[in-house]
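So the sequence shown is numbered by full-length UniProt numbering: it starts at 3 and just counts up by one.
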Amino acid sequence: TKGKLLILPGDGIGIEVMREVRRVIDWLSKKRGIDFAIEEALVGGSSIDAYGKPITDETMKIALEADAVLLGAVGGPKWDNLPFEVKPERGLLRLRKDLGLFANLRPAMCFDALVEASTLKPDVVRGLDIMIVRELTGGVYFGTPRGIETLPDGSRRGVNTQVYTTEEIRRVARVAFDIATKRNNKVTSSEKANVMESGILWREEVTHIHDTEFPKVELSHMYADNCAMQLVRNPKQFDVIVTDNLFGDILSDCAAMLTGSLGMLPSASLGAADANGKRKAMYEPVHGSAPDIAGKDLANPIATILSFAMALRYSFDLGEEAALIEKAVENVLAGGLRTGDIMQPGMAKVSTGVMGESIVRALDKL
Ligand code: NAI
Ligand code: MG
């Protein structure tokens, strides 16, 4: 087989969209002879219901041994009032932490058929395909000291600290350059070196990794505020953007909205490379478990199918198959099929199941 894949459907629409990924996996096996050693397990609320915790040690062990983890979504009203330690989200946090996932990849692609649905002018987004690499485990969200202090005069102040070490910057820079070599060899690094010490270090270290390890990749630097502006003004000037946790949080959400619905957005989180260059990895749609539409066969499975395509490209070295899946999605959209979240006038509204089936039929025709 091509390697070990752990599937964690999770809760709500996570379960429904993962069924459609299974169709794509079956297609790869039947039509292309590509097989994975697949395990499936519970995470989030469904694991709480079965085992009393959001992820079991046994599932965690399988995740650590897998080449890739594919996750649907976790959470829902049924588990909202549990204490934080046993909430569904804790399952996700443990996966991210124990797998050491420090680089979050958020692509923003605009499918031709959805150009008209963008909030921007069609010419600005047509053909858009950029990748934001966000540092995920450092920076101001985790830096110490932190807290709310009461001052002698009785007023209070909230404190957070932005901290980055050379190693934290270097390892995420390597991920970004590595990905750039599989795309268009172009990286924009974004920080605010004009006002932040951590930004100065960020710029120096990214430049160092570039000069010593990836000199053939084109590197430029851009202040994060300008980057936000440029993303909306002319996003196609970018290919890979690498940035810290805080700026990445904002820039990736900004980039996501260039292309429309939550139901279309995949993501990947990567960890350190082992001796063979293999990274721990988890792939998941950006959206949550959507309790408002769960169980109704209404969810858009494309974000999760595209997340699986990312797994093929980044964990299994099957870039060609990943591109086929993306092409099949494009063709189905071009044929006028839409789930409710991406519905446009004159298009045909279809269920989760019909969307998945149609993508497999489109794969057959490629
Ligand atoms: P959400 O992403 O689940 O839903 C937001 C809105 O987008 C809803 O109206 C939903 O129907 C729609 N939507 C989302 N994905 C869709 C899809 N594939 N197709 C069609 N429509 C889609 O975010 P929300 O409502 O804030 O959270 C719901 C639950 O999901 C909560 O329990 C939250 O904690 C959890 N959540 C889990 C995440 C994860 O597992 N990574 C991420 C975000 C939220
Ligand atoms: Mg965010």
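Glycine is no exception: its CB is placed at the ideal position from the N, C-alpha and C atoms.
Selected residue, minimal CA-CA separation from Thr168, among Gly338, Gly140, Asn162 and Arg159: Gly140
Report yes or no: do three or more beta-carbon pairs, one from the stretch 32 to 40 and one from the stretch 260 to 280, lie closer than 8 Å? no
Residues in the same chain with beta-carbon distance under 6 Å from Ile327, minus the five sequence neighbours each way, listed in chain order, please. The residues are Ala311.
Below 7 Å CB to CB, which residues in the same chain sit around Gly46 once its five sequence neighbours on both sides are set aside? Gly12, Asp13, Pro56, Val76, Gly77, Pro90 and Gly93
Would you say Leu253 touches the ligand NAI, meaning its beta carbon is less than 6 Å from a heavy atom? no
Completely contained alpha helix (DSSP H) runs for the stretch 86 to 153, where each covers 4 or more residues: 90 to 100 and 124 to 127
Provide the residue span of the beta strand (DSSP E) that contains His223, from first to last. Glu220 to Tyr225
Touching or not, the stretch 130 to 149 and the stretch 211 to 218, by the rule of three or more beta carbon pairs under 8 Å? no
Cβ neighbours of residue 370 in the same chain (closer than 8 Å, five flanking residues each side left out): Missing from the structure shown is residue 370; the chain here goes from 3 to 368 and no further.
Is it the case that the CB of Ser191 approaches a heavy atom of the ligand NAI more closely than 6 Å? no
Does the beta carbon of Gly78 fall short of 6 Å from some heavy atom of the ligand NAI? yes
Where Leu186 and Ser353 are concerned, what is the direct C-alpha to C-alpha distance, given to the nearest angstrom? Per the sequence shown, the amino acid found at residue 186 is Asn instead of Leu. Near 36 Å, if we compare the C-alpha coordinates of Ser353 and Asn186.
Just tell me which of Leu260, Arg24, Val208 and Ala292 has its CA closest to the CA of Leu112. Looking at the sequence shown, residue 112 is not Leu but Cys. It is Leu260.
Residue interval of the alpha helix (DSSP H) (run including Thr61): Asp59 to Glu67
Please state whether DSSP places Met284 in a helix, a strand or coil. DSSP, reduced to helix, strand and coil, places Met284 within a strand of the structure shown.
Is the beta carbon of Arg136 less than 7 Å from the beta carbon of Ser254? yes
Return yes when at least one heavy atom of the ligand NAI lies under 6 Å from the C-beta of Ser353, else no. Distances between the C-beta of Ser353 and the heavy atoms of the ligand NAI are all 6 Å or more.
Residues that Gly12 bridges to, as DSSP identifies them: Ala75
What's the call for Glu60, buried or exposed, on a 16-neighbour Cβ count within 10 Å? It counts as exposed.
Contact between the stretch 316 to 330 and the stretch 93 to 102 is defined here as three or more beta-carbon pairs at a separation below 8 Å; is this criterion met? no
Between which residues of its own chain and Ala350 is the CB-CB distance below 8 Å, once the five residues before and five after are set aside? Gly338, Leu339 and Arg340
Does the beta-carbon of Ala68 have 16 or more other beta-carbons within 10 angstroms, so that it is buried, or is it exposed? buried
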